[in-house]
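Sequential numbering from -12 applies to the sequence shown in my numbering.
C-beta atoms are modelled at their ideal positions from N, C-alpha and C, and glycine is treated no differently.
Only a predicted model underlies this, so the values are computations on that prediction, with no experimental measurement involved.
All remarks here apply to the structure that follows.
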Amino acid sequence: MTIKVNGKDVTLEKEVTVKELLEIQKVEMPDYVTVQINDEILDRKDFETLTVKEGDVVEFLYFMGGGAI
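Structure (structure tokens):
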């Protein structure tokens, strides 16, 4: 199964949950990442049950705060 993660093709042996994908991709600070699949932002409570499917486009997003200089 092939999906796209942050613009790169990733091949997986089987469908995995979003939580498993975060582990497979070794995402840093998984508690702070927002996950978007096919342009839809996911609710964190769905990470353990929602599976990634063939052809899905996944983005791991980090929102950073900033300040003025």
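- Starting from the N-terminal side, write out each stretch of the alpha helix (DSSP H) that is 4 residues or longer and does not extend beyond the stretch -7 to 23. Counting only runs of 4 or more, we get 5 to 11.
- Sub-7 Å separation of LYS6 and PHE34 beta-carbons: yes
- Could you give the DSSP three-state label for LYS40: helix, strand or coil? coil
- Item | Residue from VAL20, LEU8, VAL(-3) whose Cα sits closest to the Cα of LEU37 | Comparing Cα-Cα distances from LEU37 to each of VAL20, LEU8, VAL(-3), the minimum goes to LEU8.
- For GLU46, which beta-bridge partners are listed by DSSP? Bridge partners of GLU46: GLN23.
- Is the beta carbon of VAL20 less than 7 Å from the beta carbon of LEU29? Note that the C-beta distance between VAL20 and LEU29 is not below 7 Å.
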